[in-house]
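Numbering (our numbering) for the sequence shown: 691 to 878.
From the three backbone atoms N, C-alpha and C, an ideal C-beta is built for every residue, glycine too.
All values reported here derive from a predicted model rather than from experimental measurement.
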Amino acid sequence: GMVGLIENVDNLVTSGWKEEGDTILVVGTDKGEVGASEYLRNLHNEVSGDVPDIDLALAKKTNDFILDCIQQSLIRSAQDIGDGGLAQALAECTITGRKGAMIHLEPDKRLDFQLFSETPGRFLISVAAANLDAITTKAKNAGIAVTSIGRVAGNSLNIRVGETQKISADIQDLDAVYHQYIEKHMEV
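Encoded structure:
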(Lines of atoms letter the chains of each structure in order from A and count residues from 1; the text may use other names and numbers.)
(Lines give C-alpha, C1' and ligand atoms only; values in the text may rest on other atoms or scores of the structure.)
Protein backbone atom coordinates (compact mmCIF):
# COMPACT_ATOMS: atom_id res chain seq x y z
CA GLY A 1 0.00 0.00 0.00
CA MET A 2 0.86 3.64 -0.10
CA VAL A 3 -0.30 7.00 1.17
CA GLY A 4 -0.42 10.17 -0.88
CA LEU A 5 -2.18 13.48 -1.31
CA ILE A 6 -4.63 13.94 -4.15
CA GLU A 7 -4.86 17.70 -4.62
CA ASN A 8 -7.81 17.50 -7.03
CA VAL A 9 -10.25 14.59 -6.71
CA ASP A 10 -11.38 15.27 -10.28
CA ASN A 11 -8.01 13.76 -11.28
CA LEU A 12 -8.61 10.51 -9.38
CA VAL A 13 -7.95 7.48 -11.58
CA THR A 14 -8.59 3.95 -10.33
CA SER A 15 -7.50 0.60 -11.76
CA GLY A 16 -10.85 -0.75 -12.96
CA TRP A 17 -11.91 -0.59 -16.60
CA LYS A 18 -14.38 2.25 -17.13
CA GLU A 19 -15.97 2.20 -20.58
CA GLU A 20 -16.74 -0.50 -23.12
CA GLY A 21 -14.58 0.04 -26.22
CA ASP A 22 -11.73 1.86 -24.46
CA THR A 23 -8.27 0.95 -25.76
CA ILE A 24 -5.97 -0.93 -23.37
CA LEU A 25 -2.29 0.03 -23.48
CA VAL A 26 0.87 -1.18 -21.81
CA VAL A 27 3.16 1.73 -20.93
CA GLY A 28 6.82 0.75 -20.62
CA THR A 29 9.01 -1.99 -22.05
CA ASP A 30 8.77 -5.63 -21.02
CA LYS A 31 12.09 -7.45 -20.78
CA GLY A 32 10.55 -10.88 -20.13
CA GLU A 33 11.89 -10.97 -16.57
CA VAL A 34 10.45 -13.81 -14.51
CA GLY A 35 13.35 -14.35 -12.09
CA ALA A 36 12.24 -14.36 -8.44
CA SER A 37 8.65 -13.90 -9.66
CA GLU A 38 5.22 -14.91 -8.38
CA TYR A 39 4.97 -17.05 -11.53
CA LEU A 40 7.97 -19.18 -10.57
CA ARG A 41 6.92 -19.36 -6.92
CA ASN A 42 3.24 -20.20 -7.45
CA LEU A 43 3.23 -22.22 -10.67
CA HIS A 44 6.62 -23.94 -10.51
CA ASN A 45 7.22 -23.97 -6.75
CA GLU A 46 10.60 -22.30 -7.35
CA VAL A 47 12.24 -19.31 -5.76
CA SER A 48 15.10 -18.66 -8.13
CA GLY A 49 16.54 -16.31 -10.71
CA ASP A 50 17.66 -12.72 -10.66
CA VAL A 51 15.32 -10.03 -9.41
CA PRO A 52 14.42 -7.76 -12.36
CA ASP A 53 16.67 -4.74 -12.86
CA ILE A 54 15.19 -1.28 -12.53
CA ASP A 55 16.25 1.76 -14.49
CA LEU A 56 15.41 4.48 -11.96
CA ALA A 57 15.65 7.34 -14.45
CA LEU A 58 13.29 5.58 -16.88
CA ALA A 59 10.92 4.60 -14.03
CA LYS A 60 10.72 8.24 -12.92
CA LYS A 61 10.14 9.41 -16.50
CA THR A 62 7.37 6.80 -16.93
CA ASN A 63 5.72 7.71 -13.61
CA ASP A 64 5.86 11.41 -14.54
CA PHE A 65 4.29 10.57 -17.92
CA ILE A 66 1.42 8.67 -16.24
CA LEU A 67 0.86 11.47 -13.71
CA ASP A 68 0.86 14.12 -16.44
CA CYS A 69 -1.65 12.10 -18.52
CA ILE A 70 -3.89 11.72 -15.47
CA GLN A 71 -3.73 15.46 -14.74
CA GLN A 72 -4.71 16.13 -18.37
CA SER A 73 -7.63 13.65 -18.07
CA LEU A 74 -6.24 11.47 -20.87
CA ILE A 75 -6.38 8.18 -18.92
CA ARG A 76 -9.54 6.44 -17.70
CA SER A 77 -7.83 3.72 -15.64
CA ALA A 78 -4.28 2.89 -14.56
CA GLN A 79 -2.70 -0.12 -12.85
CA ASP A 80 0.96 -0.83 -12.22
CA ILE A 81 2.31 -4.08 -13.63
CA GLY A 82 4.12 -5.60 -10.66
CA ASP A 83 3.85 -8.87 -8.78
CA GLY A 84 2.16 -11.41 -11.03
CA GLY A 85 2.94 -9.41 -14.16
CA LEU A 86 0.49 -8.48 -16.89
CA ALA A 87 -1.83 -11.39 -16.04
CA GLN A 88 -2.35 -10.12 -12.49
CA ALA A 89 -2.81 -6.51 -13.66
CA LEU A 90 -5.38 -7.55 -16.29
CA ALA A 91 -7.30 -9.61 -13.74
CA GLU A 92 -7.33 -6.76 -11.21
CA CYS A 93 -8.58 -4.22 -13.77
CA THR A 94 -11.29 -6.65 -14.90
CA ILE A 95 -12.41 -7.47 -11.35
CA THR A 96 -12.45 -3.91 -10.01
CA GLY A 97 -14.04 -2.43 -13.12
CA ARG A 98 -16.60 -5.26 -13.47
CA LYS A 99 -15.96 -5.15 -17.23
CA GLY A 100 -14.21 -7.62 -19.49
CA ALA A 101 -11.37 -7.21 -21.95
CA MET A 102 -10.29 -8.63 -25.30
CA ILE A 103 -6.48 -8.86 -25.24
CA HIS A 104 -4.17 -9.75 -28.15
CA LEU A 105 -0.61 -10.82 -27.33
CA GLU A 106 2.35 -11.37 -29.64
CA PRO A 107 2.67 -14.83 -31.22
CA ASP A 108 6.47 -14.58 -31.54
CA LYS A 109 7.11 -14.28 -27.78
CA ARG A 110 6.69 -16.82 -24.99
CA LEU A 111 3.16 -16.52 -23.64
CA ASP A 112 4.18 -17.26 -20.04
CA PHE A 113 6.81 -14.49 -20.16
CA GLN A 114 4.34 -12.02 -21.69
CA LEU A 115 1.79 -12.79 -18.98
CA PHE A 116 4.02 -13.10 -15.91
CA SER A 117 7.10 -10.95 -16.48
CA GLU A 118 7.63 -8.57 -13.57
CA THR A 119 9.81 -6.02 -15.38
CA PRO A 120 9.38 -2.91 -13.19
CA GLY A 121 8.24 0.53 -14.29
CA ARG A 122 5.30 -0.59 -16.44
CA PHE A 123 1.63 0.34 -16.34
CA LEU A 124 -1.61 -0.95 -17.81
CA ILE A 125 -3.93 1.90 -18.80
CA SER A 126 -7.23 2.32 -20.59
CA VAL A 127 -8.03 5.34 -22.72
CA ALA A 128 -10.97 6.67 -24.70
CA ALA A 129 -10.59 6.57 -28.48
CA ALA A 130 -10.62 10.37 -28.50
CA ASN A 131 -7.44 10.45 -26.36
CA LEU A 132 -5.47 7.66 -28.04
CA ASP A 133 -3.53 9.87 -30.47
CA ALA A 134 -2.67 12.37 -27.73
CA ILE A 135 -1.32 9.58 -25.48
CA THR A 136 0.75 7.93 -28.20
CA THR A 137 2.19 11.25 -29.41
CA LYS A 138 3.02 12.31 -25.85
CA ALA A 139 4.71 8.93 -25.20
CA LYS A 140 6.73 9.11 -28.43
CA ASN A 141 7.90 12.62 -27.58
CA ALA A 142 8.92 11.46 -24.09
CA GLY A 143 10.73 8.35 -25.37
CA ILE A 144 8.36 6.00 -23.57
CA ALA A 145 7.10 2.76 -25.13
CA VAL A 146 3.32 2.42 -25.42
CA THR A 147 1.76 -0.72 -26.89
CA SER A 148 -1.91 -1.31 -27.63
CA ILE A 149 -2.91 -4.79 -26.49
CA GLY A 150 -6.69 -4.72 -26.71
CA ARG A 151 -9.92 -3.11 -25.63
CA VAL A 152 -12.47 -3.14 -22.85
CA ALA A 153 -15.23 -5.51 -23.95
CA GLY A 154 -17.85 -7.87 -22.58
CA ASN A 155 -18.00 -9.59 -19.22
CA SER A 156 -14.93 -11.83 -19.35
CA LEU A 157 -11.18 -11.55 -19.72
CA ASN A 158 -10.18 -13.03 -23.08
CA ILE A 159 -6.56 -13.40 -24.15
CA ARG A 160 -5.63 -14.38 -27.69
CA VAL A 161 -2.28 -15.09 -29.27
CA GLY A 162 -2.61 -14.60 -32.99
CA GLU A 163 -5.95 -16.19 -33.88
CA THR A 164 -5.89 -18.66 -30.98
CA GLN A 165 -7.93 -18.08 -27.83
CA LYS A 166 -5.66 -18.96 -24.88
CA ILE A 167 -7.62 -17.70 -21.87
CA SER A 168 -11.26 -16.89 -21.22
CA ALA A 169 -12.43 -16.20 -17.67
CA ASP A 170 -15.68 -14.65 -16.45
CA ILE A 171 -15.45 -11.73 -14.05
CA GLN A 172 -17.21 -13.76 -11.35
CA ASP A 173 -14.72 -16.62 -11.67
CA LEU A 174 -11.74 -14.23 -11.53
CA ASP A 175 -13.24 -12.49 -8.51
CA ALA A 176 -13.80 -15.78 -6.65
CA VAL A 177 -10.25 -17.03 -7.32
CA TYR A 178 -8.76 -13.66 -6.37
CA HIS A 179 -10.57 -13.45 -3.04
CA GLN A 180 -10.05 -17.13 -2.19
CA TYR A 181 -6.32 -16.68 -2.79
CA ILE A 182 -6.18 -13.69 -0.46
CA GLU A 183 -8.15 -15.52 2.25
CA LYS A 184 -6.01 -18.65 1.90
CA HIS A 185 -2.72 -16.77 2.14
CA MET A 186 -3.82 -14.34 4.83
CA GLU A 187 -5.47 -17.12 6.88
CA VAL A 188 -8.66 -15.07 7.21
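Rounded straight-line distance, which links the Cα of residue j to that of residue i
{"i": "lysine 856", "j": "isoleucine 849", "result": "6 Å"}
{"i": "threonine 784", "j": "cysteine 759", "result": "21 Å"}
{"i": "arginine 766", "j": "valine 741", "result": "31 Å"}
{"i": "glutamate 796", "j": "glutamate 736", "result": "26 Å"}
{"i": "glutamate 710", "j": "valine 842", "result": "5 Å"}
{"i": "lysine 751", "j": "aspartate 863", "result": "36 Å"}
{"i": "valine 867", "j": "glycine 694", "result": "30 Å"}
{"i": "glutamate 749", "j": "threonine 719", "result": "The sequence as given places alanine at residue 749; glutamate does not occur at that position. Looking at the two C-alpha atoms, the distance is approximately 11 Å."}
Closer than 7 Å: residue i CB and nearest the ligand ZN heavy atom
{"i": "aspartate 758", "result": "The ligand content of the structure shown is nil, which means the ligand ZN is not present either."}
Candidates the options: closest to residue i by CA position
{"i": "lysine 774", "options": "Lys750, Ala749, Leu805", "result": "Sequence check: residue 774 is glycine here, not lysine. Checking every option, the nearest Cα to that of glycine 774 belongs to Leu805."}
{"i": "isoleucine 771", "options": "Ser807, Val703, Val851, Lys751", "result": "Ser807"}
{"i": "serine 838", "options": "Leu801, Met792, Asn753", "result": "Met792"}
{"i": "leucine 776", "options": "Asp745, Leu748, Leu814", "result": "Leu814"}
{"i": "phenylalanine 803", "options": "Ala819, Glu782, Gln778", "result": "Gln778"}
{"i": "histidine 869", "options": "Glu782, Ala843, Leu702", "result": "Glu782"}
{"i": "isoleucine 696", "options": "Thr752, Leu757, Arg841", "result": "Leu757"}
{"i": "aspartate 712", "options": "Val836, Thr854, Ala819, Asp745", "result": "Ala819"}
{"i": "valine 699", "options": "Gln761, Asn753, Val867", "result": "Gln761"}
{"i": "glycine 811", "options": "Leu702, Glu728, Asp743, Asn701", "result": "Asp743"}
{"i": "isoleucine 714", "options": "Ala749, Leu847, Ala859", "result": "Leu847"}
Other residues of its chain near residue i: CB distance less than 6 Å, five sequence neighbours each side excluded
{"i": "asparagine 845", "result": "Gly790, Ile861"}
{"i": "lysine 721", "result": "Thr809"}
{"i": "glycine 787", "result": "Gly706, Trp707"}
{"i": "aspartate 865", "result": "Ile785"}
{"i": "serine 858", "result": "Ser846, Asn848"}
Strand pairing of residue i, partner residues [DSSP]
{"i": "aspartate 865", "result": "None; aspartate 865 has no bridge partner."}
{"i": "glutamine 761", "result": "Partner(s): none; glutamine 761 has no beta bridge."}
{"i": "leucine 746", "result": "Bridge partners of leucine 746: none, in fact."}
{"i": "leucine 847", "result": "Ala791, Ala859"}
Same chain, Cβ closer than 8 Å to residue i, neighbours up to 5 away in sequence not counted
{"i": "phenylalanine 755", "result": "Val717, Lys828, Ala829, Ala832, Ile834"}
{"i": "glutamine 769", "result": "Ser705, Ala779, Glu782, Cys783, Phe813, Leu814, Ile815"}
{"i": "leucine 702", "result": "Ile696"}
Sequence-distant residues of the same chain with beta carbon closer than 7 Å to residue i, five excluded per side
{"i": "leucine 764", "result": "Val817, Asn821, Ala824, Ile825"}
{"i": "valine 851", "result": "Leu795, Pro797, Leu801"}
{"i": "threonine 854", "result": "none"}
My parser needs the beta strand (DSSP E) runs of 3 or more residues fully inside the segment 777–830; what are they? 791–795, 812–817
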